[in-house]
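Every letter in the sequence shown is one number past the one before it in full-length UniProt numbering, and letter 39, counting from 1, is 39.
Here a beta-carbon is modelled for each residue, glycine too, at the ideal position from N, C-alpha and C.
Bear in mind the structure is a predicted one, so any value in this text is a computation, not a measurement.
Please read the structure below before turning to the comments.
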Amino acid sequence: MKNFSLYHAYNFWPESGLLPSITPIADALVYHANTLWLFTKSDFMTTMIPISIFAIVAAPLTSIRNLPHLVFWLWFHLLHFNASNQTASLEDATNKPDRPLPAGRITLQAALVLRWALMPMCWALSLAYSKEVMFSSMALSAFTFIYNELGGSSAHFVFRYSLNGLGFAAFEAGTTLVASACLDKAGWLAILLSACIFATTIFAQGSSAFLVGDALISRDTIPLRFGSPSRIALLVGVVAWSIGLSQIWNVDVYSAVAFTVLGAFAGARFIKHTTIEEDRNSYFYYNVWVSVAHILPGYWRLFRAI
Numbered sequence: 001m002k003n004f005s006l007y008h009a010y011n012f013w014p015e016s017g018l019l020p021s022i023t024p025i026a027d028a029l030v031y032h033a034n035t036l037w038l039f040t041k042s043d044f045m046t047t048m049i050p051i052s053i054f055a056i057v058a059a060p061l062t063s064i065r066n067l068p069h070l071v072f073w074l075w076f077h078l079l080h081f082n083a084s085n086q087t088a089s090l091e092d093a094t095n096k097p098d099r100p101l102p103a104g105r106i107t108l109q110a111a112l113v114l115r116w117a118l119m120p121m122c123w124a125l126s127l128a129y130s131k132e133v134m135f136s137s138m139a140l141s142a143f144t145f146i147y148n149e150l151g152g153s154s155a156h157f158v159f160r161y162s163l164n165g166l167g168f169a170a171f172e173a174g175t176t177l178v179a180s181a182c183l184d185k186a187g188w189l190a191i192l193l194s195a196c197i198f199a200t201t202i203f204a205q206g207s208s209a210f211l212v213g214d215a216l217i218s219r220d221t222i223p224l225r226f227g228s229p230s231r232i233a234l235l236v237g238v239v240a241w242s243i244g245l246s247q248i249w250n251v252d253v254y255s256a257v258a259f260t261v262l263g264a265f266a267g268a269r270f271i272k273h274t275t276i277e278e279d280r281n282s283y284f285y286y287n288v289w290v291s292v293a294h295i296l297p298g299y300w301r302l303f304r305a306i
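Spelled out as structure tokens, the structure:
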């Protein structure tokens with residue numbers, strides 16, 4: 001009898017039919033995992049990075065061991081929001097055709113099942129941390145439902161942007177409570193300020209890169225309503241917030257100047273460069289500014305909260 005070597009074993013599996021049965025399963029898992037990733041891919045710079053940074057620095061006490069927990073909690077809830085948003089809106093075929101639905105990676109029926117299945121899963125995940133985290137998750141679910149299914153995304157821009165701010169506040173409260181079991185007054189102030197920043201400057205997202213899709217669904221946005229003056233308003237808003245946040249968090253003069261210059265640079269780009277490609281680049285710098293703004297509570301805790 002011949003020795004049954006690894007070579008013989010390797011050649012045995014294809015003949016047995018077992019290996020081909022495993023490969024399609026692995027391929028399917030990779031495919032569906034990539035589909036979930038594509039639901040959230042475009043929001044990593046706008047949501048995942050700034051809110052993760054915020055949760056780490058805004059919490060009064062935190063541990064590096066909590067980092068994977070807060071990142072996963074945030075991503076899972078972002079998936080929940082985006083599954084709702086992308087099944088309720090027709091703009092993706094124009095604005096972001098690589099997302100799962102316009103790309104044909106998932107059917108609308110399957111995406112709707114995913115959307116509603118994720119909601120109780122988010123609550124259960126949150127309850128595993130605390131009741132307070134679950135309340136944040138439930139608040140986010142309510143804002144998500146109002147924004148997407150009840151037409152909040154197409155309401156008057158004041159209501160829509162206010163709802164954006166509340167949604168980000170729920171994201172931040174939950175993520176920060178995962179990072180730390182409790183929040184002090186400074187933490188809640190940081191969440192309030194962040195919500196106001198998003199509510200008053202998030203219209204940077206509606207620049208020329210998204211005008212066609214927004215107009216297609218008759219979405220009321222500041223850029224669509226006011227045109228070029230909205231770009232000036234964005235610059236003024238970002239600079240005003242830069243100065244105000246520097247004062248609130250007692251930032252030293254050199255850091256305050258650098259932060260304000262960054263904001264002015266990001267805002268001025270929207271005025272000087274108005275092509276679709278340049279607006280995307282300007283939006284990147286705007287998100288860098290937002291991320292730095294989210295670090296300021298940590299600066300205060302480290303250098304000023306004595």
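Cβ of residue i within 7 Å of Cβ of residue j?
i	j	result
T175	L70	yes
residue 309	F39	The structure shown has nothing for residue 309, since the chain only spans 1 to 306.
A169	A142	no
N148	A88	yes
W241	I197	yes
A111	S136	no
A190	P24	no
residue 322	L224	The structure shown does not extend to residue 322, since the chain is modelled only from 1 through 306, so no value can be given for it.
D220	F157	yes
K83	R105	Checking the displayed sequence, the identity of residue 83 turns out to be Ala instead of Lys. For A83 and R105, no; Cβs fall outside 7 Å.
N287	M45	yes
F76	T144	no
I51	L74	yes
residue 311	V239	The question about residue 311 has no answer here: the residues shown for the chain are numbered 1 through 306.
T276	T260	It should be noted that the sequence gives Ile, not Thr, for residue 276. Against a cut-off of 7 Å, the Cβ pair of T260 and I276 comes out as no contact.
T47	L79	no
S42	K96	yes
Suppose you measure from the CA of residue i to the CA of residue j; what does that come to, to the nearest Å?
i	j	result
V113	R160	26 Å
L36	C122	15 Å
R301	P60	8 Å
S291	V178	19 Å
I271	Q205	14 Å
I56	A186	13 Å
L127	F303	34 Å
Y254	Q247	13 Å
P229	A256	27 Å
P68	S153	31 Å
H294	T200	15 Å
L108	A117	14 Å
F203	Y285	14 Å
residue 307	I49	The chain is shown from 1 up to 306; residue 307 falls before or after that span and cannot be answered.
H273	R231	10 Å
L166	L193	11 Å
A155	A26	43 Å
L163	W289	21 Å
residue 313	F171	What is shown of the chain runs 1 to 306, which leaves residue 313 out entirely.
Less than 6 Å separating the Cβ of residue i from some heavy atom of the ligand GDP?
i	result
S291	Although the ligand GDP was asked about, the structure shown includes no ligands whatsoever.
Secondary structure at residue i, three-state DSSP: helix, strand or coil?
i	result
Y129	coil
K41	helix
K96	coil
T107	coil
G227	coil
C196	helix
L302	helix
R269	helix
N250	coil
R219	coil
G151	coil
P120	helix
L183	coil
L189	helix
L101	coil
T62	coil
Can you tell me where the alpha helix (DSSP H) holding residue i begins and where it ends?
i	result
I295	276-299
Q86	67-88
T176	157-179
P50	49-58
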